[in-house]
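Contents: one structure, followed by commentary.
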Amino acid sequence: MQSVINSLLNEQILPFWVLLLIILVERYLPWPDKFHPISFIKVLAMGMQAKVLSPERNAIQQQKISGALACIVLLLPFCTILAVFKYLSEYPIFFEGLMLLVALRFQDIPKQTRRVCAALSKQQKMLARHALSQIVRRETEKMSPLGMVKANIESLLLRYSYQYCSVIFWYLLTGGVGALIYRLVYELSLCWNTKLAKFRHFGQPVRYVVNILQWLPSKLASLSVVIAVNISQGSAAIFQRISYQCNHLFILNLCGASLGIELGGPAYYEHKKVRARKCGGNRQVILADNTRALVAINRATWVWLTLYFLGCAVSFLIAR
Numbered sequence: 327m328q329s330v331i332n333s334l335l336n337e338q339i340l341p342f343w344v345l346l347l348i349i350l351v352e353r354y355l356p357w358p359d360k361f362h363p364i365s366f367i368k369v370l371a372m373g374m375q376a377k378v379l380s381p382e383r384n385a386i387q388q389q390k391i392s393g394a395l396a397c398i399v400l401l402l403p404f405c406t407i408l409a410v411f412k413y414l415s416e417y418p419i420f421f422e423g424l425m426l427l428v429a430l431r432f433q434d435i436p437k438q439t440r441r442v443c444a445a446l447s448k449q450q451k452m453l454a455r456h457a458l459s460q461i462v463r464r465e466t467e468k469m470s471p472l473g474m475v476k477a478n479i480e481s482l483l484l485r486y487s488y489q490y491c492s493v494i495f496w497y498l499l500t501g502g503v504g505a506l507i508y509r510l511v512y513e514l515s516l517c518w519n520t521k522l523a524k525f526r527h528f529g530q531p532v533r534y535v536v537n538i539l540q541w542l543p544s545k546l547a548s549l550s551v552v553i554a555v556n557i558s559q560g561s562a563a564i565f566q567r568i569s570y571q572c573n574h575l576f577i578l579n580l581c582g583a584s585l586g587i588e589l590g591g592p593a594y595y596e597h598k599k600v601r602a603r604k605c606g607g608n609r610q611v612i613l614a615d616n617t618r619a620l621v622a623i624n625r626a627t628w629v630w631l632t633l634y635f636l637g638c639a640v641s642f643l644i645a646r
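Each position in the sequence shown, counted from 1, maps to that position plus 326 in the numbering used here.
This is the structure:
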């Protein structure tokens, strides 16, 4: 019995248990938004842009330079502090786990999805629009019920890829500090969203970096959904040209094809219509697809955990 316990707590297997524990804690332990460290970086980001950004007076190139410098000024102190704490930590793996817990914040998205579902099932459109507006940048005031369902599913799948799987990917690759730094950069890209006119140039440097950091994990996240839902339908989307136009189209096309639902299409930002390619399956969304999308990402998470456990087990066997 003791040998089994020692094997399960071996240095090759222990990182898996840390990851599993953090995923469970993040999912079931509520952490109010106003007390979460990620909220602090959002406040700093908005304060920084208010001081340095003036689209009316600044040239395009100057806005881009200001955006790059603002990102560096905000992140450099955080990176330095994290590096020092990691160096001084007596138990690095637990410090890494704590950093992952901070970086992995995601459950607000499924929670809002359930609120949208509950409101739409009771025909409470205003309440549904308000809940949806908490997790999307697009305008929700004039959305139809089916439009809200589609926007909700798209946000859920994209956030799962960028906000959850990408964090886990960078944790596995660089540790908790790397995962938290990625999450901070990602939050800056959300605060300075280039879909909004005033951040179109200011947010470009951060958006460019984030696109690079998300390129591989977004592919792996989409493939995990394909494996978890419908391999035959999802794998066909891999060979479609539309999947390789940008990160978010890869995610929506593969996940939409796996779920058999059409995603994409026009959206409104600041009263302006932005056209986007339709992708995924052929069927129009229905309210029940919100729940199907939630089930899909839960199964995809287990795909990640299973593959990581197998990788840890193989490394343990090789090390013996």
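For every residue, glycine included, the Cβ atom is placed at its ideal position computed from N, Cα and C.
Remember, it's a predicted structure, so these values are computed and weren't measured experimentally.
A distance of 8 Å or more separates the beta carbons of A547 and C605. The C-beta of F361 has fewer than 16 other C-beta atoms within 10 Å across all chains shown, which makes the residue exposed. It is roughly 28 Å from the alpha-carbon of Y417 to the alpha-carbon of D359. Taking C-alpha positions only, R441 is separated from A554 by approximately 24 Å. Taking 8 Å as the cut-off, the beta carbon of V532 is found no closer than this to the beta carbon of Y508.
Beta-bridge analysis with DSSP links A593 to V600.
When secondary structure is reduced to three states using DSSP, C605 falls in the strand class. Under the three-state reduction of DSSP, I538 is assigned to helix. Secondary structure note for H574: its alpha helix (DSSP H) is the uninterrupted segment N573 to L585. Of the residues assessed, Y354 falls on the exposed side of the cut-off, its CB having fewer than 16 other CB atoms within 10 angstroms. With contacts defined by Cβ atoms closer than 8 Å, K521 and Y595 form a contacting pair. Contiguous alpha helix (DSSP H) elements confined to the stretch 388-449 occur at 418-429 and 434-447, taking only those with 4 or more residues.
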